[in-house]
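See below for the structure under consideration.
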Amino acid sequence: MLHIKNLHAGIEEKGILKGINLEVKAGEVHAIMGPNGSGKSTLSSVIAGKEEYEVTEGEIFLNGENIEELGPEERAHEGVFLSFQYPVEIPGVSVTNFVKTAINETRKAKGLEEMPASEMLKKIREKAELLEIDRRFLSRSLNEGFSGGEKKRNEIFQMAMLEPKLAILDETDSGLDIDALRIVANGVNKLRSEDNAVIVITHYQRLLDYIVPDYVHVLHNGKIVKSGTKELALELEEKGYDWIKQEATI
Amino acid sequence: MELKDKLLSSFMVFEDRVNDQSKELNEIRNTAIKTFQQKGFPTKKDEDWKYTSLKSLLKHDYTISPQQESAIEFKDVKKYFIHDIDTYKIVFIDGKYSSFLSETTHDGIDVCLMSSALNKPKYKIIIDSYYNKAAKADLSLTSLNTAFASEGAYIHIPKNKVVEKPIQIVHFSTGNEVSVMLQPRNLIVVDENSHVQIIERHQSLTSNVVLTNSVTEVFANKRAIVDYYKVQNDNQEASLIDNTFISQKQSSNVSVHTFSFGGKLIRNNLQFFQKGERIDSTMKGITIIGDKQHVDHNTLVHHIEPNCESHQDYKGIFGDRSTGVFNGKVIVEKEAQKTNAFQANNNILVDDKATINTKPQLEIFADDVKCSHGCTIGQLDKDALFYLRSRGIPMKEAKALLMYAFANNVLESVKVNAIKTRINKLIAQKLGVNLGFDL
Numbered sequence: 001m002l003h004i005k006n007l008h009a010g011i012e013e014k015g016i017l018k019g020i021n022l023e024v025k026a027g028e029v030h031a032i033m034g035p036n037g038s039g040k041s042t043l044s045s046v047i048a049g050k051e052e053y054e055v056t057e058g059e060i061f062l063n064g065e066n067i068e069e070l071g072p073e074e075r076a077h078e079g080v081f082l083s084f085q086y087p088v089e090i091p092g093v094s095v096t097n098f099v100k101t102a103i104n105e106t107r108k109a110k111g112l113e114e115m116p117a118s119e120m121l122k123k124i125r126e127k128a129e130l131l132e133i134d135r136r137f138l139s140r141s142l143n144e145g146f147s148g149g150e151k152k153r154n155e156i157f158q159m160a161m162l163e164p165k166l167a168i169l170d171e172t173d174s175g176l177d178i179d180a181l182r183i184v185a186n187g188v189n190k191l192r193s194e195d196n197a198v199i200v201i202t203h204y205q206r207l208l209d210y211i212v213p214d215y216v217h218v219l220h221n222g223k224i225v226k227s228g229t230k231e232l233a234l235e236l237e238e239k240g241y242d243w244i245k246q247e248a249t250i
Numbered sequence: 001m002e003l004k005d006k007l008l009s010s011f012m013v014f015e016d017r018v019n020d021q022s023k024e025l026n027e028i029r030n031t032a033i034k035t036f037q038q039k040g041f042p043t044k045k046d047e048d049w050k051y052t053s054l055k056s057l058l059k060h061d062y063t064i065s066p067q068q069e070s071a072i073e074f075k076d077v078k079k080y081f082i083h084d085i086d087t088y089k090i091v092f093i094d095g096k097y098s099s100f101l102s103e104t105t106h107d108g109i110d111v112c113l114m115s116s117a118l119n120k121p122k123y124k125i126i127i128d129s130y131y132n133k134a135a136k137a138d139l140s141l142t143s144l145n146t147a148f149a150s151e152g153a154y155i156h157i158p159k160n161k162v163v164e165k166p167i168q169i170v171h172f173s174t175g176n177e178v179s180v181m182l183q184p185r186n187l188i189v190v191d192e193n194s195h196v197q198i199i200e201r202h203q204s205l206t207s208n209v210v211l212t213n214s215v216t217e218v219f220a221n222k223r224a225i226v227d228y229y230k231v232q233n234d235n236q237e238a239s240l241i242d243n244t245f246i247s248q249k250q251s252s253n254v255s256v257h258t259f260s261f262g263g264k265l266i267r268n269n270l271q272f273f274q275k276g277e278r279i280d281s282t283m284k285g286i287t288i289i290g291d292k293q294h295v296d297h298n299t300l301v302h303h304i305e306p307n308c309e310s311h312q313d314y315k316g317i318f319g320d321r322s323t324g325v326f327n328g329k330v331i332v333e334k335e336a337q338k339t340n341a342f343q344a345n346n347n348i349l350v351d352d353k354a355t356i357n358t359k360p361q362l363e364i365f366a367d368d369v370k371c372s373h374g375c376t377i378g379q380l381d382k383d384a385l386f387y388l389r390s391r392g393i394p395m396k397e398a399k400a401l402l403m404y405a406f407a408n409n410v411l412e413s414v415k416v417n418a419i420k421t422r423i424n425k426l427i428a429q430k431l432g433v434n435l436g437f438d439l
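If you read the sequences in order, they're chains A and B. Just so we're aligned, residue 1 is where the first sequence starts under the working numbering, counting upward by one. Just so we're aligned, residue 1 is where the second sequence starts under the working numbering, counting upward by one.
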């Protein structure tokens, strides 16, 4: 599904990613952990196509296709979804209307008709229920005045509506209390299938109790310095990141 | 001949032709033309006109009083009306009243013509008490209008009337003349406890040159509520100088929303005078322009008495080489304690060559007041754009959505739903996209 080869990227001359190699197959869940400033959010932004970042070396393949030239919306049409750490507020545009626009623009790009209103409504109701979202919430302006937890839940709601092939959850656990974390994780797990893949970016092990990864990677100083299975996450929780940093510098 | 000289010599001919019945009106005209003669057209040397030049507009050889009658079919101009709700209409074609397109009334309220009001004895009391009483006498363009004023909308709502249907004032120009100068004059008097909603539009139907110098006086008596909407979405060769003066009495509430989406040059002079306590004045605007268009909002709120409020909120989106000006003056007199005055002007420059000049001016002589002002100039937020695009929304639509969101809170205070819907559509059209759903 996703194949990243020797990816170097940065912003304004400053290199942040320094040779990332990563392969994510359909049906898999990968966790990317690492200390602050290690490049986790940069990696997710670069995969999603944020233009402020410049790829200086290496390639990103999505389903065998090099996506370097694709804008963020085209990557979204190909099935990439990024759950933002800090979702943006859009006053005057309701959650429902926003989601409708996103779905219909994606369909348009694929040469499909707009989704019939009844089908849309049914889907919205279904996914809102899955994430225990109140109907009134859906008519509020997107992210405006939302609590941290509401924003994150809304991100996963959008993910549920858009049904991406590759979902990247960037620090989705930050700002969530334990109940919200459980709901969000439950939503993500329900959306998992043999055809899609999830990358969970997190600082802490907590979320991984709920969304159990197949692989765990540790990012440090722009490189994946260690990969393993879910036990690696537990080890990190116990020992912190210092030993990784030391190991990496040797 | 220079336009000023042409106007001055036309005035004598005009005066003979209109043959005013009242001596007072005749005096008003003569004083006004003298003021114009003395001051002439404003130039960039005038502080209030520093960023707006009329020079290119004044070089045309305008027809001052178009005589030719022309008819237009309703179906051809339907789209310029708010037509999905029932309204009164006062419609002019090249400055002449069109009875065919209009729907006036004298049933309990007067929604009719300035030409009648100025000449018929039954309106004399109102004309004597209100006409030219709010318009500032020392302004040259307003004086020019006053000198030549003969036609426009006359609206008088007696006390305790809630006018159910909004009133549309629409001025069409047909391009019968190569270039035409129009000077409509509107008078709106709303008595105690009455409520009226007005929509005003100037629309050129061809690409001929039009310069409109309009004056509107609005009087809101005690507890009156007036909601005024100006839709400015004219052709590329049409320019508008709108001079609107609003005089408010105790506990009245007047709002003016100005939607400036098109025209060559638009200058909005909007002045509020608060002559009583507990008055509420609201002025809001959305400006979305491109090409080399120019829109200038020049506002004044004069807080004269205590316990009053004013709210100003202007949003501007400027593309290409367009230019915008916002100059908002708030005067709080010494007696006007407990005044609440808010002013905001926020702008987005879409292209590098677009310009906005924004200047808040606060003159506060009272010591117990709450006044705030703020202006911002920015570009579309890159992170927000990325967010929308990452959801599959293409660049153009994403920008439109962000611009819509930016301008949105100005629409929230629009009380007539049909207008809100129309403005929404105009915004989408102006931004060149159809988002495919009801925002």
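Glycine included, C-beta positions come from ideal geometry on N, C-alpha and C. From a predicted model like this one, the values you see are computed outputs, not experimental measurements.
Among A:M115, A:A197, A:S83, A:L43, nearest to G149 of chain A - alpha-carbon criterion | Checked all of A:M115, A:A197, A:S83, A:L43; the closest Cα to G149 of chain A is A:S83.
Would DSSP call Q205 of chain A helix, strand or coil?
-> It is coil, neither helix nor strand.
Pick helix, strand or coil for E363 of chain B, following the three-state DSSP scheme.
-> In the three-state DSSP reduction, E363 of chain B falls in the strand class (E or B).
Any chance the CB of N132 of chain B is under 6 Å from a heavy atom of the ligand NAD?
-> Ligands in the displayed structure: none, and consequently the ligand NAD is not present.
Taking DSSP as the reference, what is the three-state secondary structure of L182 of chain B?
-> Of the three classes helix, strand and coil, the one that applies to L182 of chain B here is strand, per DSSP.
Grab the span of the beta strand (DSSP E) containing L22 of chain A for me, first residue to last.
-> 14-24 is the extent of the beta strand (DSSP E) around L22 of chain A.
Do you know how far the Cα of V190 of chain B is from the Cα of D227 of chain B?
-> Straight-line Cα distance between these residues: approximately 11 Å.
Mind checking if Y387 of chain B is an interface residue toward chain A, Cβ cutoff 7 Å exclusive?
-> Output row for Y387 of chain B: interface = yes.
With a threshold of 16 other CB atoms inside 10 Å of the CB of H106 of chain B, please say whether the residue is buried or exposed.
-> Label assigned to H106 of chain B: exposed.
Unbroken alpha helix (DSSP H) run spanning K62 of chain B, endpoints | First, the amino acid is wrong: residue 62 of chain B is Tyr here, not Lys. Careful: Y62 of chain B lies outside any alpha helix (DSSP H) and carries neither H nor E.
Would you mind sorting L439 of chain B into buried or exposed? The rule is 16 or more other CB atoms within 10 Å of its CB.
-> Unreliable placement is indicated for L439 of chain B, whose pLDDT of 41 sits below 50; no coordinate value is reported for it.
Provide the residue(s) that pair with N253 of chain B in DSSP beta bridges, ordered along the chain.
-> According to DSSP, N253 of chain B bridges with B:I225, B:D280.
Could you pull out every unbroken alpha helix (DSSP H) segment of at least 4 residues lying fully inside the region 130-197 of chain A, listed in chain order?
-> Given a length threshold of 4 residues, each whole run of the alpha helix (DSSP H) inside the region 130-197 of chain A is given here in chain order: 135-138, 148-162, 178-191.
For E412 of chain B, which beta-bridge partners are listed by DSSP?
-> For E412 of chain B, no pairing in a beta bridge is given by DSSP.
Would you please verify whether the beta carbon of G222 of chain A is less than 7 Å from any beta carbon of chain B?
-> Not closer than 7 Å to any Cβ of chain B, the Cβ of G222 of chain A fails to qualify, so no.
Can you tell me the Cα-Cα spacing of D305 of chain A and E194 of chain A, whole angstroms?
-> Because chain A is modelled from 1 through 250, residue 305 of chain A falls outside the range shown and cannot be assessed.
Return the CA-CA distance between Q312 of chain B and K136 of chain B, expressed in angstroms with no decimal places.
-> Across the structure, Q312 of chain B and K136 of chain B are spaced so that their CA atoms are roughly 21 Å apart.
Report, in whole angstroms, the separation of the C-beta atoms of L207 of chain A and T172 of chain A, which I expect to be a contact under 8 Å.
-> Confirmed, Cβ separation roughly 7 Å.
What whole-angstrom Cβ distance do I441 of chain B and Q248 of chain B have, given they're in contact under 8 Å?
-> A query on residue 441 of chain B cannot be resolved here, the shown segment of chain B reaching from 1 to 439 and no further.
Given 8 Å as the limit, is there contact between the region 348-365 of chain B and the region 64-71 of chain A, that is, 3 or more CB pairs closer than that?
-> By the Cβ rule, the region 348-365 of chain B does not count as touching the region 64-71 of chain A, because fewer than three pairs are nearer than 8 Å.
Is the region 184-198 of chain B close to the region 112-121 of chain B, with three or more CB pairs under 8 Å?
-> They touch, by the three-pair rule.
Cβ-Cβ distance between Q343 of chain B and G328 of chain B below 7 Å = Cβ atoms of Q343 of chain B and G328 of chain B: closer than 7 Å.
Residues that A48 of chain A contacts on chain B, provided the C-beta gap is smaller than 7 Å = In chain order: S390.
N-terminal and C-terminal residue of the beta strand (DSSP E) that A220 of chain B is part of | It spans 209-220 - the beta strand (DSSP E) in which A220 of chain B sits, taken as one unbroken run.
Should V170 of chain B go down as buried or exposed, given a rule of 16 or more other Cβ atoms within 10 Å for buried?
-> Answer is buried; the Cβ neighbour count reaches 16.
When you check each C-beta in the region 402-433 of chain B against every C-beta of chain A, which residues fall closer than 9 Å?
-> With the criterion set as a beta carbon lying under 9 Å from some beta carbon of chain A, the members of the region 402-433 of chain B are L402, Y404, A405, F406, A407, N408, N409, L411, E412, in sequence order.
Using the C-alpha atoms, what's the distance from I103 of chain A back to Q203 of chain B?
-> Here the alpha carbon of Q203 of chain B sits roughly 38 Å from the alpha carbon of I103 of chain A.
With a 10 Å radius around its C-beta and 16 neighbouring C-beta atoms as the bar for buried, classify A128 of chain A as buried or exposed.
-> Buried, because 16 or more other Cβ atoms sit within 10 Å of the Cβ of A128 of chain A.
Establish whether the CB of G79 of chain A and some CB of chain B are separated by less than 7 Å.
-> By this cut-off, G79 of chain A is not an interface position.
Starting from V13 of chain B, follow the alpha helix (DSSP H) in both directions and report where the run begins and ends.
-> For V13 of chain B, the uninterrupted alpha helix (DSSP H) run begins and ends at 3-18, by DSSP.
So is I393 of chain B in contact with chain A if we call contact Cβ pairs under 7 Å?
-> Closer than 7 Å to some Cβ of chain A, the Cβ of I393 of chain B qualifies, so yes.
Expressed to the nearest angstrom, what Euclidean distance is found between the alpha-carbon atoms of L380 of chain B and F326 of chain B?
-> Their backbone Cα atoms lie some 20 Å apart in a straight line.
Other residues of its chain near N376 of chain B: CB distance less than 6 Å, five sequence neighbours each side excluded | Going by the sequence as given, residue 376 of chain B is Thr instead of Asn. Excluding residues within five positions, the ones whose Cβ falls inside 6 Å are N346.
Pull up the DSSP beta-bridge partners for H373 of chain B, would you.
-> Its beta-bridge partners are B:Q343.
Roughly how many angstroms separate the alpha carbons of K394 of chain B and L431 of chain B, rounded to a whole number?
-> It is worth fixing the name first, because residue 394 of chain B is Pro in this sequence and not Lys. The alpha-carbon separation between P394 of chain B and L431 of chain B amounts to approximately 14 Å.
Would you kindly work out how many angstroms separate the C-alpha atoms of Y241 of chain A and G34 of chain A, rounded to a whole number?
-> Using only the alpha carbons, I get a separation of about 7 Å.
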